[in-house]
Each structure stands twice: as C-alpha cells, then as structure tokens.
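Student: Before I ask anything, let me first share the structure, which is written out below as structure tokens.
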Amino acid sequence: MKYPALVIDKNKLYHNANSIISKCHQNNIKVAAVTKVFCADKSITQIILDAKPDYLADSRIENLIKLQEFDIPKMLLRIPMISQADDVVKYADISLNSEIETIFKINDAATAQNKKHKIILMIDLGDLREGIWFKDFKDYIIPVFKLKNIDVIGIGVNLTCYGGVIPKYENLSLLIEYADYIETKFDKKLDIISGGNSSSLYLVYENNLPSRINNLRLGESIVLGRETAFGNPVPETYDDAFLLVAEIVELKEKPSVPIGEIGMDAFGNKPTFVDKGIVKRVICAVGKQDISLDGIIPVDKNIEILGASSDHLILNVSNSDKNYKVGDKVEFKLTYGGLLAASTSNYVNKVVI
Ligand SMILES: *Cc1c(COP(=O)(O)O)cnc(C)c1O
22 MKYPALVIDK NKLYHNANSI ISKCHQNNIK VAAVTKVFCA DKSITQIILD AKPDYLADSR
82 IENLIKLQEF DIPKMLLRIP MISQADDVVK YADISLNSEI ETIFKINDAA TAQNKKHKII
142 LMIDLGDLRE GIWFKDFKDY IIPVFKLKNI DVIGIGVNLT CYGGVIPKYE NLSLLIEYAD
202 YIETKFDKKL DIISGGNSSS LYLVYENNLP SRINNLRLGE SIVLGRETAF GNPVPETYDD
262 AFLLVAEIVE LKEKPSVPIG EIGMDAFGNK PTFVDKGIVK RVICAVGKQD ISLDGIIPVD
322 KNIEILGASS DHLILNVSNS DKNYKVGDKV EFKLTYGGLL AASTSNYVNK VVI
C-alpha cells in the first residue's frame, strides 16, 4: 500500500449509512447523502448507495459531474453561482437557492435546455449562513412562482454550520409555517421540507423533529458517526470508518526544546515549547498539505502531536506502550476538517478495504 493512506472500512461505513438511513426512513424522512467531505469519490459513494439513500448531495458541480453515472436524483447544496446556471441545470436535478437573480438565470438555462429545474428555497432562521432572511421570505419569493421552467419543490434550512444555532422543535417548526404559507398562497404542494444537516439528526433519535419535516441532508453523521449539534456519537455507528495511516520516516531521542534563537516557523508563527527533557520523537511522512493538525486524533492515546510543517508530522511517542520503529504505520481517527483535508490532498492514497 502507498502512504499516507486514507483507509475506508467498507463494512463500517455501510453499517453507519444503513443505521442512520433506516432510522430516518422509519420516521418518514428521506435522506440526501452528502458526498462533499470525501470529494464524491465513486467507490466510497457506492458503499453509501448500498444503504439506499434517496438523493446524493454535494456543494460542488465538479463532484456532481463525477456522480452522473449513479441513477439517483442529485442535489446541489451550495447556493449556485450565476455563472454556473447552465451546469446547474445540466448536472443537478435539484438545487438549493436563495437569490432571485440566480433563479432567473437558472430558469433561462432550463428553458434553453428544454428542462424543468427543481429548486428548494432556503430560508435563514438565524444561523446567518445561506438563506432568505425569514422576515423577508414571504415577499421575496413571489416572482419565483411565475417562472415556467422552475419548479419549487420544497423549502429548506441550514443551521449550526456558521452561527452554531442548534436545531430545536421550536425553530424548525417555523419552517413548516412558511411551507404552509407557500402551499396556501400559490396553491402548490411542497414535496420536500428539508430540516437541515447532521445537526438536526439528534431530533430524530429523540422523536422530536416536527412531523412535517421529511428530508435531511446528512454527511458527517454517516461518515464519522457523529451528530453535529452537540458532537455526540450517533447510536449504532462507528467513528473509525475512515482512518488516516502515515509511515514513520524518522524516530530519534532529542530534546523537547530547540537549540538557538527562536524565530518564525515554516508558517510564519513564532512557536513556543514546554521542556519535557529528552523525548522520543517520530516524524511521519504526512503534513499540513494533507491534514490539519487539529483534525487528526491518534488511535494510540499515548501519542502526543507536537507539530507539523508542510510534509512532516512530528509526534512524541515517549509515553506509548508500543515500541515504534522506522517504517511502522501510525493510525489516526479524523474530525470533519481532518477528513476534508485528507480527501482533498492528491498525495493521500484512498483505499477501500
Ligand atoms: C455540507 C452541507 C450539508 C451536510 O452537512 P453535515 O454536517 O456534513 O451533515 C447539508 N446541507 C448543506 C447546505 C451543506 O452545505
């Protein structure tokens, strides 16, 4: 195997996807499985597809293009760029939208391609990332319903991603009020009321998601077995379906404090050090080009992460029970940020086992 490697345990990932998707289906919630954190890698996507999600969803058109061969509706998650309107119609069956000008352009593109494009109108209930501000929502959306090649199939919300706002029965119920408004005013049944991302999942397990919410867009919970409102493990899931594995290229006993005047490190920061005497220092062949330092968690709990530069990860293994040697492999669990970086790095070998 080539290292550094991102090793995906097929059985564990399937188990996570199946466990969460079944739970949602039992509660009449359809699941858009979000592929962006692993760059819509096809073999990884296939494992999740085996657990029968209802949609695939990604923020980037490039990723949706990769997924074209899968026969399942595809959702574009990030508010589209106006300059992308043609590709949105071509490669996404559904897009999430909040800007009138963009929706008009998508309507033009859909007309030119002789298609009807489905959209979900995003409403901002206070998290302050995307969405039409809830107080402006009712007036703002009126012109959209006159467009011939746009089909408004639902409304949706995104919480926690920016403002950290926690989804609750109360704030999500507002979404339903707005759905009722659309249905009455425009005499139109909405198929999708999308109640958010992995931060809304805990409400499903607590039986506290407003009952008309019938869609969630789930990435992190499936992939890392973690819900994102409180950071708790999701019941019946693994947190190590994805592991980063790096190889040791140097192992030496050296002091814990550098010798000489301390200037700036490779990233322009002035480092500080705690003197722990002579320590057993390991260098792994992986670095900030592939990972973020706070995005990796050593599986061996006695390993301390000392730092990293672009291509070197430095660990203190003095307290480990294991007798590491040059050439040994060190395993790390990943946070969302760690997985995102490792997936995106061309230098990390992705291996499904
Ligand atoms: C990334 C994203 C999701 C998925 O978020 P997770 O926390 O990974 O479940 C859902 N909706 C939107 C709009 C997103 O951008």
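The working numbering puts the first residue of the sequence shown at 22, with every later residue one more than the last.
All C-beta atoms in this analysis are idealised placements derived from N, C-alpha and C, irrespective of residue type, glycine included.
1) Can you give me the C-alpha to C-alpha distance between ASN344 and ILE318, rounded to a whole angstrom?
2) Taking the alpha-carbon positions, what's the LYS301 to SER277 distance?
3) Check the C-beta distance from LEU27 over to VAL369 and give it rounded, since I have them as a contact under 8 Å.
4) With distance defined between alpha-carbon atoms, name the residue in ASP315, ASP311, ASP107 nearest to ASN135.
5) What are the boundary residues of the alpha helix (DSSP H) that includes LYS31?
6) Indicate the three-state DSSP secondary structure (helix, strand or coil) for GLU120 in the structure shown.
7) With a threshold of 8 Å, establish whether the CB of SER219 neighbours any heavy atom of ligand 1.
8) With hydrogens ignored, establish whether the beta-carbon of THR249 is closer than 8 Å to any heavy atom of ligand 1.
9) Could you pull out every residue in the same chain whose Cβ sits closer than 6 Å to the Cβ of SER232, ignoring the five residues on either side in sequence?
10) To which residues of the same chain is ASP261 closer than 6 Å at the C-beta, ignoring the five residues directly before and after it?
11) Does DSSP put LEU224 in a helix, in a strand, or in coil?
12) In the DSSP assignment, find the unbroken beta strand (DSSP E) run with TYR76 in it and report its ends.
13) What does the alpha-carbon distance come out to for the pair GLU110 and GLY359?
14) For a test of your reading of the model: does the CB of GLY289 fall under 8 Å from any non-hydrogen atom of ligand 1? Yes or no.
15) Is ALA267 a contact residue of ligand 1, with contact defined as CB to any heavy atom under 8 Å?
16) Sorry if obvious, but does the Cβ on CYS182 come closer than 8 Å to a heavy atom of ligand 1?
17) Check whether the Cβ of VAL58 lies closer than 8 Å to any heavy atom of ligand 2, and answer yes or no.
18) What residue range does the alpha helix (DSSP H) around ILE232 cover?
19) Using 8 Å as the Cβ pair cut-off and three pairs as the minimum, do the region 24-41 and the region 204-213 touch?
20) Could you give the C-beta distance for GLY152 and ASN179, rounded to a whole number, given that I count them as a contact under 8 Å?
21) Give the DSSP-derived three-state secondary structure of LYS111 in the structure shown.
22) Rounded to the nearest angstrom, how far is the Cβ of CYS60 from that of THR365, given a contact under 8 Å?
23) How about ILE269: is its C-beta nearer than 9 Å to some C-beta of chain D?
24) Decide if the region 77-87 is in contact with the region 96-106; the criterion is three or more beta carbon pairs, one per stretch, under 8 Å apart.
25) In the region 123-187, which residue ranges form an unbroken alpha helix (DSSP H) of at least 4 residues, counting only runs that do not cross its ends?
26) Between ASN39 and ligand 1, is there a pair consisting of the residue's CB and a ligand heavy atom that are separated by less than 8 Å?
27) Quick test of your reading: ASN229 and GLY216, contact by CB under 8 Å. State the CB separation rounded to the nearest angstrom.
28) Where does PHE353 fall in DSSP's three states?
29) I'd like the ranges of any beta strand (DSSP E) spanning at least 3 consecutive residues and lying wholly in the region 258-342.
30) Could you compute how far the alpha carbon of ASN340 sits from the alpha carbon of ALA306?
31) Tell me which same chain residues have a C-beta within less than 8 Å of the C-beta of ILE176, skipping the five on either side of it?
32) Is the closest heavy atom of ligand 1 to the C-beta of SER277 under 8 Å?
33) Cβ of GLU151 within 8 Å of any heavy atom in ligand 1?
34) Classify ILE124: buried if its beta carbon has 16 or more other beta carbons within 10 angstroms, exposed otherwise.
35) Please report the Cβ distance between LYS309 and ALA329, rounded to the nearest whole angstrom; I am assuming they are in contact, meaning their Cβ atoms lie under 8 Å.
Tutor: Checking against the coordinates, here is how it stands:
1) Locating residue 344 in the sequence shown gives position 323, counting from the first residue. Locating residue 318 in the sequence shown gives position 297, counting from the first residue. Their backbone Cα atoms lie some 19 Å apart in a straight line.
2) Position 280 of the sequence shown, counting from 1, holds the residue named residue 301. Position 256 of the sequence shown, counting from 1, holds the residue named residue 277. Going from the Cα of LYS301 to the Cα of SER277 covers about 9 Å.
3) Locating residue 27 in the sequence shown gives position 6, where the first residue counts as 1. Locating residue 369 in the sequence shown gives position 348, where the first residue counts as 1. Indeed they touch by this definition, with Cβ atoms about 5 Å apart.
4) Start at 1 with the first residue of the sequence shown, and residue 135 comes out as number 114. Measuring from the Cα of ASN135, the nearest candidate turns out to be ASP107.
5) As a first step, residue 31 is located in the sequence shown; it is residue number 10 there, counting from the start. First-last of the alpha helix (DSSP H) with LYS31: 31-47.
6) Indexing the sequence shown from 1 puts residue 120 at position 99. Coil.
7) Residue 219 sits at position 198 when you count from the first residue of the sequence shown. Under cutoff, so the answer is yes.
8) The sequence position of residue 249 within the sequence shown is 228, counting from 1. Yes; taking the cut-off as 8 Å, the Cβ of THR249 has a heavy atom of ligand 1 nearer than that.
9) If you number the sequence shown from 1, residue 232 lands on position 211. Excluding residues within five positions, none has a Cβ falling inside 6 Å.
10) Within the sequence shown, numbered from 1, the residue matching residue 261 stands at position 240. Counting only Cβ-Cβ distances below 6 Å, and skipping sequence neighbours, we find LYS354.
11) Reading the sequence shown from its first residue, position 203 is the one you call residue 224. In the structure shown, the three-state DSSP call for LEU224 is helix.
12) Walking along the sequence shown from the start, residue 76 turns up at place 55. Where TYR76 is concerned, the enclosing beta strand (DSSP E) stretches over 76-79.
13) In the sequence shown, counting from the first residue as 1, residue 110 sits at position 89. In the sequence shown, counting from the first residue as 1, residue 359 sits at position 338. Correcting the residue identity first, residue 110 is Val in this sequence and not Glu. Cα-Cα distance, rounded: 32 Å.
14) Looking up residue 289 in the sequence shown gives position 268. Not a single heavy atom of ligand 1 lies less than 8 Å from the C-beta of GLY289.
15) Stepping through the sequence shown from its first residue, residue 267 is reached at position 246. The answer is no for ALA267.
16) Looking up residue 182 in the sequence shown gives position 161. Yes, ligand 1 has a heavy atom inside 8 Å of this Cβ.
17) In the structure on display, ligand 2 does not appear, and the ligands it does have are ligand 1.
18) Position 211 of the sequence shown, counting from 1, holds the residue named residue 232. Looking at the sequence shown, residue 232 is not Ile but Ser. Careful: SER232 lies outside any alpha helix (DSSP H) and carries neither H nor E.
19) With a cut-off of 8 Å, the region 204-213 and the region 24-41 do not count as touching, because too few Cβ pairs lie within range.
20) Numbered from 1 along the sequence shown, position 131 holds the residue referred to as residue 152. Numbered from 1 along the sequence shown, position 158 holds the residue referred to as residue 179. Correct: roughly 7 Å between the Cβ atoms.
21) Mapped onto the sequence shown, residue 111 falls at position 90. In this structure, LYS111 counts as helix in the three-state DSSP scheme.
22) The residue given as residue 60 occupies position 39 in the sequence shown. The residue given as residue 365 occupies position 344 in the sequence shown. With a contact defined as Cβ atoms closer than 8 Å, CYS60 and THR365 qualify at about 6 Å.
23) Of the chains in the structure shown, none is chain D; there is only one protein chain.
24) Contact between the region 77-87 and the region 96-106 is established, with three or more Cβ pairs separated by less than 8 Å.
25) Here the runs fully enclosed are 158-161.
26) Here residue 39 refers to the residue found at position 18 when the sequence shown is read from its first residue. Closer than 8 Å to some heavy atom of ligand 1: that does not describe the Cβ of ASN39.
27) Mapped onto the sequence shown, residue 229 falls at position 208. Mapped onto the sequence shown, residue 216 falls at position 195. Rounded, the Cβ-Cβ distance is 11 Å, inconsistent with contact.
28) Mapped onto the sequence shown, residue 353 falls at position 332. Here PHE353 sits in strand by DSSP.
29) Under the rule that a run must span 3 or more residues, the beta strand (DSSP E) segments found entirely inside the region 258-342 read 263-276, 299-305, 317-319, 325-329, 334-337.
30) Counting from one through the sequence shown, the residue named residue 340 turns up at place 319. Counting from one through the sequence shown, the residue named residue 306 turns up at place 285. Straight-line Cα distance between these residues: approximately 21 Å.
31) In the sequence shown, residue 176 corresponds to position 155, counting from 1. Residues ILE141, LEU142, MET143, ILE144, LEU196, TYR199, ALA200, ILE203, LEU211, ILE213, ILE214, SER215 of the same chain have their beta carbon placed closer than 8 Å to that of ILE176, with the five preceding and five following residues left out of the count.
32) By 1-based counting over the sequence shown, the position of residue 277 is 256. Checking every heavy atom of ligand 1 against the Cβ of SER277, none is found closer than 8 Å.
33) Looking up residue 151 in the sequence shown gives position 130. Yes, since a heavy atom of ligand 1 falls inside the 8 Å radius drawn around the Cβ of GLU151.
34) Here residue 124 is taken as the residue at index 103 of the sequence shown, counted from 1. With 16 or more other CB atoms across the displayed protein chains lying within 10 angstroms of its CB, ILE124 is buried.
35) By 1-based counting over the sequence shown, the position of residue 309 is 288. By 1-based counting over the sequence shown, the position of residue 329 is 308. Correct: roughly 5 Å between the Cβ atoms.
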